[in-house]
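A short write-up of the structure that comes next.
There are 2 protein chains.
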Amino acid sequence: MSRQRIVEAAVELAEGRGLERFTMRDLAAELGVGTMSIYHHLPDKRALHQAMADHIWSQLVLPAPDAPWDRRLAHLTTQLWEAARRHPALVPLLLTRRFTGPEALPAVEALLAAAADAGFDPPETATCFRILVGFAVGLAQAEVARTVAEREHGPARLGGGDDGGDAFPRLRAALAGPPVSPEAEFEFGLEVVLSGLRRRTGT
Amino acid sequence: MSRQRIVEAAVELAEGRGLERFTMRDLAAELGVGTMSIYHHLPDKRALHQAMADHIWSQLVLPAPDAPWDRRLAHLTTQLWEAARRHPALVPLLLTRRFTGPEALPAVEALLAAAADAGFDPPETATCFRILVGFAVGLAQAEVARTVAEREHGPARLGGGDDGGDAFPRLRAALAGPPVSPEAEFEFGLEVVLSGLRRRTGT
DNA sequence: GATGCTATCGTACATGGTACGATCGAAGCA
DNA sequence: TGCTTCGATCGTACCATGTACGATAGCATC
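Residue numbers (the working numbering), protein chains in the order written: chain A, 679 to 881; chain B, 679 to 881.
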């Protein structure tokens, strides 16, 4: 038993059955130990959630430090998006918890460094960080939510067709088209955000 | 008793004590009814959460339809960000639930319409939507998380100074500066995203 | 062998979602 | 007016879950 082993098993288990159905008892059973043994390594469930979020951040592969700043930003944002998609059940944790563990810090630092090297001052750098993280994780979450909703309720549709008129034509159009490839959507969005950042730096 | 009244009281109560401490029993007590009465109007707690998220979307003030598309996008994104900040405890719901209720649809439609009027095709329009929503709500969530973390653990700081060296200089710089005004940060980020979108449309 | 420490775990409690069936008041009808 | 019906309300109870508490067991040190 070690904190490391607990966190890894927790990620796997939560991934399998969803965050809501993830219980301490089941985790302990999966580890083959008593429920209370977990509490010797982690103070409570919140701390475990935090550790799980940190664990995902720690999976990011860092870019070469001498690459151009926008390549590094693109690389890290993509890594984050892919990591989030690998762990759909845990995306809410990525959105909600701060990354405070030592495991998460290198990736955070690399992202901040890339933004800083673009010429932004520290406050702007922090903003870039949040924009990119929000974009990557938010997009992943939107995809997860759609997948879950479609599994539970069937394809999305507009509720009332009771009035003959089309009250929400844009929404209908968005729902009607063929589903966009998540990869294409991500790349489009990433390019939009990066080009906005480039314009800001004058590059 | 009506669904409307329940949802409004739920929003207020959750706002007061946080989503985690929000219970059906307390909500019923707040309403002056028995716990089980709530279940005559809503099937379960998940549905209530969904309704709460929709309720927030319904608060958005729609822009004038004849304004330029980027003004409309800016207006709606700002509205969403402000609504999220008014309800910090509920931001996780905004990030997690889809907006499926009739209350939420007008704002969704207006956002999609503004993006479509920029010249994007339906798939790109949907992507714009998710980028902007992720940005606005993600930024609000980051602010909330920071506030909560500082209330509970004191100001953010780097844990180990045990090695003399500075392992994470960028992170240190980001934490060191004076706290940025949330409004300024939002406007900076919004301008970045919008300028990225304008470049895409050739405008 | 005694002692103290560390990791494990069995038991028990409090909390919270919600199923079930009883109740109750009003509206319609003879 | 008395009876019926139906929708809304609610009391009770059940079950799941997080976790406090204290017991235990293995092990190292003296």
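Beta carbons: idealized from backbone N, C-alpha and C, even for Gly.
For clarity, every value in this text was computed on a predicted model and none was experimentally measured.
Cα separation between residue i and residue j?
{"i": "A:L875", "j": "B:T713", "result": "51 Å"}
{"i": "B:E828", "j": "B:E821", "result": "11 Å"}
{"i": "A:R699", "j": "A:A692", "result": "8 Å"}
{"i": "A:V739", "j": "A:T755", "result": "11 Å"}
{"i": "B:E865", "j": "A:H765", "result": "32 Å"}
{"i": "A:T879", "j": "A:A752", "result": "16 Å"}
{"i": "B:P784", "j": "A:L853", "result": "15 Å"}
{"i": "B:A794", "j": "B:I734", "result": "24 Å"}
{"i": "B:T881", "j": "B:S873", "result": "9 Å"}
{"i": "B:L817", "j": "A:T803", "result": "14 Å"}
{"i": "A:G832", "j": "A:V826", "result": "9 Å"}
{"i": "B:L868", "j": "B:R703", "result": "41 Å"}
{"i": "A:K723", "j": "B:I684", "result": "30 Å"}
{"i": "B:A796", "j": "A:V858", "result": "19 Å"}
{"i": "A:P856", "j": "A:H718", "result": "50 Å"}
{"i": "A:V711", "j": "B:F813", "result": "42 Å"}
{"i": "B:V689", "j": "A:D744", "result": "49 Å"}
{"i": "A:D844", "j": "B:P800", "result": "16 Å"}
{"i": "B:V870", "j": "B:P721", "result": "42 Å"}
{"i": "B:T701", "j": "B:F798", "result": "43 Å"}
{"i": "B:L836", "j": "A:A725", "result": "18 Å"}
{"i": "B:I716", "j": "A:E830", "result": "24 Å"}
{"i": "B:R877", "j": "B:P746", "result": "15 Å"}
{"i": "A:Q887", "j": "B:Q682", "result": "Beyond the ends of chain A as shown, which are 679 and 881, falls residue 887 of chain A; an answer cannot be given."}
Give every residue of the same chain whose Cβ lies closer than 8 Å to the Cβ of residue i, excluding the five residues on either side of it in the sequence, and list them in chain order.
{"i": "B:V815", "result": "L758, W759, A762, V769, L772, L773"}
{"i": "A:A687", "result": "L705, E708, L709"}
{"i": "B:T778", "result": "Q728, D732"}
{"i": "A:A834", "result": "R824, A827, E828, L853"}
{"i": "B:S680", "result": "H719"}
Chain B beta carbons: is any one of them nearer than 7 Å to that of residue i?
{"i": "A:L849", "result": "yes"}
{"i": "A:A871", "result": "For the record, residue 871 of chain A in the displayed sequence is Val; it is not Ala. Chain B, which has a Cβ nearer than 7 Å to the Cβ of A:V871, makes this yes."}
{"i": "A:V739", "result": "no"}
{"i": "A:F777", "result": "no"}
{"i": "A:V858", "result": "yes"}
{"i": "A:A692", "result": "no"}
{"i": "A:G816", "result": "yes"}
{"i": "A:A752", "result": "no"}
{"i": "A:P770", "result": "yes"}
{"i": "A:L783", "result": "yes"}
{"i": "A:G880", "result": "no"}
{"i": "A:T742", "result": "According to the sequence shown, residue 742 of chain A is Ala rather than Thr. No - not a single Cβ of chain B is within 7 Å of the one on A:A742."}
{"i": "A:A794", "result": "yes"}
{"i": "A:A852", "result": "yes"}
Considering only residues of the same chain and omitting the five flanking positions on each side of residue i, which have a CB-CB separation below 6 Å?
{"i": "B:R775", "result": "Q728, A731"}
{"i": "B:R750", "result": "P741, A792"}
{"i": "B:D748", "result": "L872"}
{"i": "B:Q819", "result": "V769"}
{"i": "A:G694", "result": "none"}
Can you find a CB in chain A that lies within less than 7 Å of the CB of residue i?
{"i": "B:E787", "result": "yes"}
{"i": "B:F700", "result": "no"}
{"i": "B:T774", "result": "yes"}
{"i": "B:A791", "result": "yes"}
{"i": "B:E863", "result": "yes"}
{"i": "B:A761", "result": "no"}
{"i": "B:F798", "result": "no"}
{"i": "B:G696", "result": "no"}
{"i": "B:R926", "result": "As shown, chain B starts at 679 and ends at 881. That puts residue 926 of chain B outside it, with no answer to give."}
{"i": "B:A731", "result": "no"}
Excluding the 5 residues preceding and the 5 following residue i in the sequence, name in chain order all residues of the same chain whose CB lies nearer than 7 Å to its CB.
{"i": "B:E781", "result": "D732, H733, W735, S736"}
{"i": "B:G696", "result": "A767"}
* Relative to chain A, which residues along the segment 707-728 of chain B have a C-beta separation below 8 Å, given in chain order? -> For the segment 707-728 of chain B, no residue has a beta-carbon sitting nearer than 8 Å to a beta-carbon of chain A.
* Asked: Counting pairs of beta carbons, one from the segment 784-798 of chain A and one from the segment 841-860 of chain B, are three or more of them closer than 8 Å?
  -> Proximity of the segment 784-798 of chain A to the segment 841-860 of chain B meets the contact definition, three or more beta-carbon pairs being nearer than 8 Å.
* Asked: Is the number of C-beta pairs between the segment 855-874 of chain B and the segment 793-809 of chain A that are closer than 8 Å three or more?
  -> Contact between the segment 855-874 of chain B and the segment 793-809 of chain A is present, because at least three Cβ pairs lie under 8 Å.
* To do: Determine which residues of the segment 801-812 of chain A have a Cβ less than 9 Å from any Cβ of chain B, and write them out in chain order.
  => Residues P801, E802, T803, A804, T805, C806, F807, R808, I809, V811, G812.
* Residues of the segment 819-831 of chain A with a CB closer than 8 Å to any CB of chain B: list them in chain order, please. => Taking 8 Å as the cut-off between beta carbons, the residues of the segment 819-831 of chain A near chain B are Q819, A820, A823, R824, A827, in sequence order.
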